[in-house]
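Novice: To convert, note that position 272 of the sequence shown is 1018 in the working numbering; the numbers rise steadily by one, no gaps. Dumping the structure here so I can ask a few things about it.
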Amino acid sequence: KEKNSHEPEFIQAVTEVLESLRPVIEKEEEKYRRDAILERMTEPDRIISFRVPWVDDKGQAQVNRGFRVQFNNAIGPYKGGLRLHPSVNQSIIKFLGFEQCFKNSLTGLPIGGGKGGSDFDPKGKSDREIMAFCKSFITELYKYIGADEDVPAGDIGVGAREIGYMYGQYKRITGLYEGVLTGKGLSYGGSLARKEATGYGLVYITDEMLRANGKSLEGKTVVVSGSGNVAIYAIEKAIALGAKPVTACDSTGWVYDPDGIDVAVLQDVKEVKRARLTEYVKARPNAEYHEGKGVWSVKCDIALPCATQNELDLEDAKALVANGCFAVCEGANMPTTLEATEYLQKNGVYFLPGKAANAGGVATSALEMSQNSERLSWTFEEVDAKLKNIMVNIFRNLDAAAKAYGKEGDYVAGANIAGFIKVCDAMLAHGIV
Ligand code: NDP
């Protein structure tokens, strides 16, 4: 904690994981201590921090800070997204990279953990400015990544357009046509169902958890935050499985649609027009628009936070419980604060942490890597079926791990324990490196 006192998000993520690993560590304390497993696991393999210079539309040079944290490659090449958002700093990228190691382990696929990004703000930038930034970013980062070394993907602010510009520049510099990035466009090596994967996967695992507890999504009211890649496809799949999502939000406001969110309208506003949610209510007269934050005050059975970190705090958790919400499954990374998580769990709310619940995105990225290595493309149905299978297995494994260590029903502990054991076994097998 002292060494990283200037990195609150990183400390928050590590604290949550270490707390829940207590029963595992206590069982074989000597072994873990001798090999300094926890010390090695909480120290990234390396952090790359670099200048990203680019020229805006007025001819003015701009400088942003770029990062890549290669956290742990014990079980496979580093893998994790790139985030473009003004809030990005080393603490946020480290927390995301740390969480990614456990998430990737949970997928059952051979991928290590990493994360990257920049404090560049894509909002309001022209297409040319986005291209200029992406090309400059990869002109430095290309030295450290590769199909068998480190395979970045999208995250907040990085979708198919940005991945396209980065891939083009990587290919131009290296001359290699390889699966160095995932989330690519379908015409140059992308995977069908990758766009939908995180949101669909979130709903598949939520469904599996509810079934295991004798419940289902059918007829349930769902509150969703966010209106980006994860939120849109979580809403789409929740509707397909019989639930009724009634909210969405962005950084400035939120909508409540009593008739259920219309996915086509939401996609048009966010994916096509790239506009604010005020546009949503223009097409849906029964819906309400509110400025600021507020989705957690809406009465619901299930909550799916799909926007960003720490968006659901203790007060929100209290409002959810008071309104009868019985399940919270995280589509975003660490959207629920530690106090809120504890409150929800203490009050009997089924709680699935992001590292399990949103692992469908990275799992499908790993399936994209497999397709690139084979130089083949699988059908949507093939990828979707594999995704569903992976999500069901993640739930079963974390549920079993929780039970094995006396933590039945504590899915946070189960996810951390199941993710940890595999990475730890590989690290022990490799000796002190
Ligand atoms: P997008 O950029 O597509 O969407 C993010 C959404 O959240 C946008 O609607 C954005 O609003 C909103 N948002 C961002 N910050 C805030 C805030 N402070 N308050 C309210 N709303 C906010 O990102 P993704 O959907 O890809 O990612 C969402 C989360 O899911 C992140 O935590 C990400 O790390 C995680 N995740 C994503 C995966 C993926 O495959 N995409 C995989 C696993 C995890 P606005 O439109 O105003 O920017």
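Just so it is clear, CB atoms sit at the ideal spot from N, CA and C, and this is done for glycine as well.
(1) Beta-carbon separation of G1094 and E1037 under 8 Å?
(2) Which runs of the alpha helix (DSSP H), 4 residues or longer, sit entirely within the segment 1033 to 1093?
(3) Which partner residues of R792 appear in the DSSP bridge assignment?
(4) With hydrogens ignored, establish whether the beta-carbon of I1007 is closer than 7 Å to any heavy atom of the ligand NDP.
(5) Return yes when the C-beta of N850 is under 7 Å from any heavy atom of the ligand NDP, and no when it is not.
(6) So for V992, helix, strand or coil by DSSP?
(7) Is S882 helix, strand or coil by DSSP?
(8) Using the Cβ count rule (16 or more neighbours within 10 Å means buried), how would you classify Q1005?
(9) Please report the residue range of the alpha helix (DSSP H) in which G945 lies.
(10) Can you check the segment 889 to 925 for any alpha helix (DSSP H) of at least 4 residues that lies completely inside it and give the ranges in chain order?
(11) Given a cut-off of 8 Å, decide if C1052 and V969 are closer than it, judged by their beta-carbon atoms.
(12) CB of D996 to nearest heavy atom of the ligand NDP: below 7 Å?
(13) Is there contact here, the segment 872 to 883 with the segment 847 to 860, by at least three beta-carbon pairs under 8 Å?
(14) Would the beta-carbon of I902 be found less than 7 Å away from any heavy atom of the ligand NDP?
(15) Would you grab the beta carbon distance between L1058 and A1086 for me? Rounded to a whole angstrom, and I think it's under 8 Å.
(16) So, are the CB atoms of S973 and V1129 less than 8 Å apart?
(17) I need the boundaries of the alpha helix (DSSP H) containing K861, first residue and last residue.
(18) Between the C-alpha atoms of N1079 and Q806, what's the straight-line distance to the nearest angstrom?
(19) Decide if the segment 947 to 966 is in contact with the segment 917 to 926; the criterion is three or more beta carbon pairs, one per stretch, under 8 Å apart.
(20) Can you grab the Cα-Cα spacing for the pair G822 / I857, in whole Å?
(21) Got a sec: does the ligand NDP put a non-hydrogen atom nearer than 7 Å to the Cβ of C1052?
(22) Helix, strand or coil for T1110, going by three-state DSSP, please let me know.
(23) Please confirm whether any heavy atom of the ligand NDP lies closer than 7 Å to the CB of A759.
(24) Would you mind sorting F841 into buried or exposed? The rule is 16 or more other CB atoms within 10 Å of its CB.
(25) Is G1155 helix, strand or coil when you go by DSSP?
(26) Within the present structure, is the beta-carbon of N1143 separated from the nearest heavy atom of the ligand NDP by less than 7 Å?
(27) Quick check: A1112 and N1143, are their CB atoms within less than 8 Å of each other?
(28) Which whole runs of the beta strand (DSSP E) in the segment 968 to 1013 are 3 residues long or more, in chain order?
(29) Could you tell me if the beta carbon of Q1091 falls within a distance shorter than 7 Å of some heavy atom in the ligand NDP?
(30) Does the segment 771 to 780 come within contact of the segment 749 to 761, defined as at least 3 CB pairs closer than 8 Å?
(31) Leaving out the 5 sequence neighbours to the left and right, which residues in its chain are closer than 8 Å to V1027 when beta-carbon positions are compared?
(32) From N1135 to Q808, what does the alpha carbon distance come to, in whole angstroms?
(33) Nearer than 7 Å: is that true of the beta carbon of T944 relative to any heavy atom of the ligand NDP?
(34) Please report how far the alpha carbon of M912 lies from the alpha carbon of T853, in whole angstroms.
(35) Between L855 and the rest of its own chain, which residues show a CB-CB distance below 7 Å, the 5 nearest in sequence each way excluded?
Specialist: Working from what's here:
(1) As a working note, residue 1094 is residue 348 in the sequence shown. As a working note, residue 1037 is residue 291 in the sequence shown. No, these two residues do not count as a Cβ contact at 8 Å.
(2) Those alpha helix (DSSP H) runs which fall completely within the segment 1033 to 1093 and span 4+ residues are 1060 to 1068, 1084 to 1092.
(3) In the sequence shown, counting from the first residue as 1, residue 792 sits at position 46. Beta-bridge pairing links R792 to Q816.
(4) In the sequence shown, residue 1007 corresponds to position 261, counting from 1. I1007: no, Cβ never under 7 Å from the ligand NDP.
(5) Residue numbering aside, residue 850 sits at position 104 when the sequence shown is read from its first letter. Checking every heavy atom of the ligand NDP against the Cβ of N850, none is found closer than 7 Å.
(6) Stepping through the sequence shown from its first residue, residue 992 is reached at position 246. Residue state, collapsed to three classes: coil.
(7) Taking the first residue of the sequence shown as 1, we reach residue 882 at position 136. In the structure shown, S882 sits in a helix (DSSP, three-state: H, G or I).
(8) Position 259 of the sequence shown, counting from 1, holds the residue named residue 1005. First, the residue type needs correcting, since residue 1005 is Asp and not Gln in the sequence shown. Exposed is the label assigned to D1005, since fewer than 16 other Cβ atoms lie within 10 Å of its Cβ.
(9) For the purposes of this step, residue 945 is taken as residue 199 along the sequence shown, with counting starting at 1. That run of the alpha helix (DSSP H) goes 940 to 958.
(10) Segments of the alpha helix (DSSP H) lying fully in the segment 889 to 925: 906 to 920.
(11) Within the sequence shown, residue 969 is the residue found at index 223, counting from 1. Within the sequence shown, residue 1052 is the residue found at index 306, counting from 1. It is not a contact, given that the beta carbons lie outside the stated cut-off.
(12) Mapped onto the sequence shown, residue 996 falls at position 250. For the ligand NDP, at least one heavy atom lies less than 7 Å from the Cβ of D996.
(13) No, they do not touch.
(14) In the sequence shown, counting from the first residue as 1, residue 902 sits at position 156. At least one heavy atom of the ligand NDP lies closer than 7 Å to the C-beta of I902.
(15) Mapped onto the sequence shown, residue 1058 falls at position 312. Mapped onto the sequence shown, residue 1086 falls at position 340. The pair is a contact, with the Cβ atoms about 5 Å apart (cut-off 8 Å).
(16) Within the sequence shown, numbered from 1, the residue matching residue 973 stands at position 227. Within the sequence shown, numbered from 1, the residue matching residue 1129 stands at position 383. Their beta carbons are not under 8 Å apart, which means S973 does not touch V1129 by this criterion.
(17) The count along the sequence shown starts at 1 and reaches residue 861 at position 115. Note, K861: premise wrong, no alpha helix (DSSP H); beta strand (DSSP E) at 858 to 864.
(18) Reading the sequence shown from its first residue, position 333 is the one you call residue 1079. Reading the sequence shown from its first residue, position 60 is the one you call residue 806. So the two alpha carbons sit approximately 35 Å from each other.
(19) no
(20) On the sequence shown, residue 822 is found 76 positions in, with the first residue counted as 1. On the sequence shown, residue 857 is found 111 positions in, with the first residue counted as 1. A straight line joining the alpha-carbon of G822 with that of I857 spans about 4 Å.
(21) On the sequence shown, residue 1052 is found 306 positions in, with the first residue counted as 1. Yes, the beta carbon of C1052 sits closer than 7 Å to at least one heavy atom of the ligand NDP.
(22) The sequence position of residue 1110 within the sequence shown is 364, counting from 1. Residue state, collapsed to three classes: helix.
(23) Taking the sequence shown and counting its residues from 1, one reaches residue 759 at position 13. No, the ligand NDP has no heavy atom inside 7 Å of this Cβ.
(24) To locate residue 841, count along the sequence shown from 1; it is residue 95. Looking at its Cβ environment, which holds 16 or more other Cβ atoms inside 10 Å, F841 is buried.
(25) For the purposes of this step, residue 1155 is taken as the residue at position 409 of the sequence shown. G1155: coil per DSSP, three-state reduction.
(26) If you number the sequence shown from 1, residue 1143 lands on position 397. Taking non-hydrogen atoms of the ligand NDP into account, the C-beta of N1143 is found less than 7 Å away from none of them.
(27) Along the sequence shown, read from residue 1 onward, the residue named residue 1112 stands at position 366. Along the sequence shown, read from residue 1 onward, the residue named residue 1143 stands at position 397. No, these two residues do not count as a Cβ contact at 8 Å.
(28) DSSP runs (the beta strand (DSSP E)) wholly in the segment 968 to 1013: 993 to 995, 999 to 1002.
(29) As a working mapping, residue 1091 is identified with position 345 in the sequence shown. No; taking the cut-off as 7 Å, the Cβ of Q1091 has no heavy atom of the ligand NDP nearer than that.
(30) no
(31) In the sequence shown, counting from the first residue as 1, residue 1027 sits at position 281. Answer for V1027: V1001, A1033, E1034, Y1035, listed in chain order.
(32) Working through the sequence shown from its first residue, we reach residue 1135 at position 389. Working through the sequence shown from its first residue, we reach residue 808 at position 62. Going from the Cα of N1135 to the Cα of Q808 covers about 45 Å.
(33) As a working note, residue 944 is residue 198 in the sequence shown. Yes, since a heavy atom of the ligand NDP falls inside the 7 Å radius drawn around the Cβ of T944.
(34) On the sequence shown, position 166 is the one that residue 912 refers to. On the sequence shown, position 107 is the one that residue 853 refers to. C-alpha separation (whole angstroms): 26 Å.
(35) To locate residue 855, count along the sequence shown from 1; it is residue 109. The residues are A1109, A1112.
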